[in-house]
Structures are given as structure tokens and as C-alpha cells.
DNA sequence: AAATTAATTTTATTATTCTGGAAATATGGA
DNA sequence: TCCATATTTCCAGAATAATAAAATTAATTT
């Protein structure tokens, strides 16, 4: 993933309303929600929603598919995975010793001793 | 992780210079780079760097440790892991069927348990 | 073809963020 | 103490982003 695209993707998520939209679409899965359903669920004005959907779609974090009068929006999971890869790769590649630090999820269970 | 903290973390990365700083610190590991070393490597003015470091530090994506006159900045990997967890969790939790969609990186390597 | 419905684009206003020079703070050395 | 070094804070202008009402496009129904 190219760095300007990464910035775009991050910026598209770095906004309360858009993050909410994205999370709702993640929980929904591939079927997606129409713009109207999102307006209802999030109780925000149409133009505002449209503005935010555009940002997420331009960043390719969501996809849009038109079905008759409706436009269904769904999370694009592969783009999120590429983003995560970009953010976590090259850990300690400059040579430092940092074995447990780099691997996500693997070491992070709170210990009783500290 | 709380959603306003998530937005803050995403915003702190959604900027070319800050993303560059963060990635450099990721590649460096726990030892970190001093502000001066970062000014040199990134060729940006001190005040500009300081402004961006503050944003990343407030978001807890990097840590600062003072050592004599120097301040060493290092990536905070556990915060990134929490961020990634937040962004990827609850996939399809609203009931849709979408098994391979949620963890694309994982299904390439078949699980041992059924 | 008119009316209805779904959603977007345009637009103006407001709010926030970025940038870097000049001044300020803090530490260590002569 | 005085000086150099490391870094930050202050400030003001420039740039960018968010909001939502009004106008617009597009598809469907009657």
C-alpha cells in the first residue's frame, strides 16, 4: 500500500461519525446498509452522511453497490488488512533487539506481577 | 480502547509527516530516536517536529523518555495493537454469514482445529 | 408524464489543523 | 557563572475539513 493512500485511509477513519459508520458496516458484513438505513441508524442529515461515505469510499475502506434506487455500502475488509499490515510492518528493522515487542496480540496478556 | 481515543490515534497517524515519524520509530524499536536525530533524518524544522511528536505522544502511539538533555521517542507497540483490535473486531456481529471475509490473512493457512 | 423516493452535489459558513520563525526553557560543560 | 546545545512553546498566517440547507440527479411507481 502506498503511503499517500495510507494517510487517506487513516484520515477517513479519524473522524467520530465516519468511524461510527465504518464500525457499523464492519458489524454488518458484506451485505451492507443502504444510505437511507445509515441515516436512520445514525440519525444524521443525508448530506452529512453522503460527505462522509464519499471519504470512506475514496479511501477504499468501504464499497458502494447500486441496486435499483438504493446504494448499499459495505466494509472492504481487505483494504483494512492492508492498512494494518502497513502500520505494523518493519518493526525493529533497523537492527535493535526487540523480540516480544513486535508481534501483536501474542504477548499482551496482563501479568499479575509487574 | 475508547472511541474518542481511537479517533485521536487515527488522526495522529493521518498526516504524512507524522506517519513518517511513526514508521521511522517502529523500524527503530524500543531504543528510539532523539528529537534531534529525527530533525536530521526527516529534514524538518524543530518546531514542526515538536508539534507532530506531541500529537503522537498524546495519542500514546509513541513514548518520550528524557535522558540528560535529550528526549528519546519510541513507538508504543501495545497502543498500536489495541488500535488494530478496535478496527477489526465485531466483524459480521450483526448476524451475516461471512467467515472468510473477517480474517483474510488467517484463512490462507488452514487451522489445526476444526 | 407527473409524482415519489433515494441519494448526491453545490454552496456558504464555521471550525480545526499545519507550518515555521522568534522567544523560552532546561541541561551540561568551560 | 556564562555559553552552547537540545528541545519546546508561542504566535499568526495559510490551508484544510465539517456541517447542513437548498438544489440536483436518478430510478420507480402510478
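Chains as they are written, first to last, in my numbering: chain A, 1 to 114; chain B, 115 to 228.
Think of the CB as a built atom: it goes at the ideal place given N, C-alpha and C, for glycine as much as any other residue.
Owing to the predicted nature of the structure, the values given are computational and were not obtained by experimental measurement.
- Of all C-beta pairs linking the stretch 42-56 of chain A to the stretch 156-169 of chain B, fewer than three are shorter than 8 Å, placing the two stretches out of contact.
- Contact check between the stretch 197-217 of chain B and the stretch 128-143 of chain B: fewer than three CB pairs, one atom from each, fall below 8 Å, which does not count as touching.
- DSSP, reduced to helix, strand and coil, places residue 154 of chain B within a helical segment of the structure shown.
- Along the stretch 15-73 of chain A, the alpha helix (DSSP H) occurs as fully enclosed runs of 4 or more residues at 16-28, 35-42 and 46-58, listed in sequence order.
- If you draw a 10 Å sphere on the C-beta of residue 183 of chain B, you find fewer than 16 other C-beta atoms in it, and that means exposed.
- Taken through DSSP and simplified to helix, strand or coil, residue 189 of chain B comes out as strand.
- When the five nearest sequence neighbours on each side are left out, the beta carbons in the same chain lying within less than 8 Å of the beta carbon of residue 85 of chain A are those of 1, in order along the chain.
- Take residue 203 of chain B, set aside five residues on each side of it, and no residue of its chain has a beta-carbon closer than 6 Å to its own.
- Note that the C-beta distance between residue 124 of chain B and residue 19 of chain A is below 9 Å.
- Contact check for residue 55 of chain A against residue 127 of chain B fails: the beta carbons are separated by 9 Å or more.
- Check the Cα spacing between residue 119 of chain B and each of B/196, B/215 and B/216: the tightest is with B/196.
- A straight-line Cα-Cα distance of about 37 Å links residue 181 of chain B and residue 16 of chain A.
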